[in-house]
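Asker: Letter 24 of the sequence shown, counting from 1, is numbered 1336 in the numbering used here, and no numbers are missing.
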Amino acid sequence: MLANVRQQLQNLNGVVFNDSEWRRFTEQYLDNPSDGILDKTRKIHIDYICDFIFDDERLENIYLIDKKNLMRNKVQIIQQFEQTGSPC
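1. In chain order, what residues of the same chain lie with their CB nearer than 8 Å to the CB of D1351, ignoring the 5 residues before and after it?
2. Is the separation between the beta-carbon of I1374 and that of N1323 shorter than 7 Å?
3. Give me whichever residues DSSP pairs with E1372 in a beta bridge.
4. Which one of L1371, I1361, C1362 and D1367 has the shortest CA to CA distance from Q1330?
5. Which class does M1383 belong to by DSSP, given the choice of helix, strand or coil?
6. Round the Cβ separation of I1376 and K1355 to the nearest angstrom and send it over; I've been treating them as touching at under 8 Å.
7. Output the boundary residues of the alpha helix (DSSP H) element that contains T1338.
8. Considering only their Cβ atoms, is the gap separating Q1319 from K1386 smaller than 7 Å?
Listed below in structure tokens is the structure:
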């Protein structure tokens, strides 16, 4: 699932993450282990733009969703999801 998210975010933002950049983006912003359900919800509704510094030191605004042109967004549907660990 994260591989698809990576591809869709690259397409949406017109960028390419190398493996170390993607790992840093997911660990520090997208799927931060310290984020609870409210933090994750806030990320989609309010903080959906991340100022990300790539390895070559360029700064890009990485959008999780395009709120101005909704047709540019892609949605992935899963049939079953099982969470391991704590619920929040």
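We put the beta carbon where it would ideally sit given N, CA and C, even for glycine.
Answerer: In brief:
1. Taking the sequence shown and counting its residues from 1, one reaches residue 1351 at position 39. If we look at D1351 and ignore the five residues flanking it on each side, its Cβ neighbours are N1344.
2. Residue numbering aside, residue 1374 sits at position 62 when the sequence shown is read from its first letter. Residue numbering aside, residue 1323 sits at position 11 when the sequence shown is read from its first letter. Going by C-beta atoms, I1374 is not nearer than 7 Å to N1323.
3. What you label residue 1372 is simply residue 60 of the sequence shown in a count that begins at 1. Answer is F1364.
4. Position 18 of the sequence shown, counting from 1, holds the residue named residue 1330. The sequence as given places Asn at residue 1330; Gln does not occur at that position. Comparing Cα positions, the closest option is D1367.
5. Counted from its first residue, the sequence shown places residue 1383 at position 71. In this structure, M1383 counts as helix in the three-state DSSP scheme.
6. Residue 1376 sits at position 64 when you count from the first residue of the sequence shown. Residue 1355 sits at position 43 when you count from the first residue of the sequence shown. Checking the sequence shown, residue 1376 turns out to be Leu, not Ile. Confirmed, about 7 Å.
7. In the sequence shown, residue 1338 corresponds to position 26, counting from 1. Element bounds for T1338: n/a, residue is neither H nor E.
8. Residue 1386 sits at position 74 when you count from the first residue of the sequence shown. Residue 1319 sits at position 7 when you count from the first residue of the sequence shown. Not in contact: K1386 and Q1319 (Cβ atoms no closer than 7 Å).
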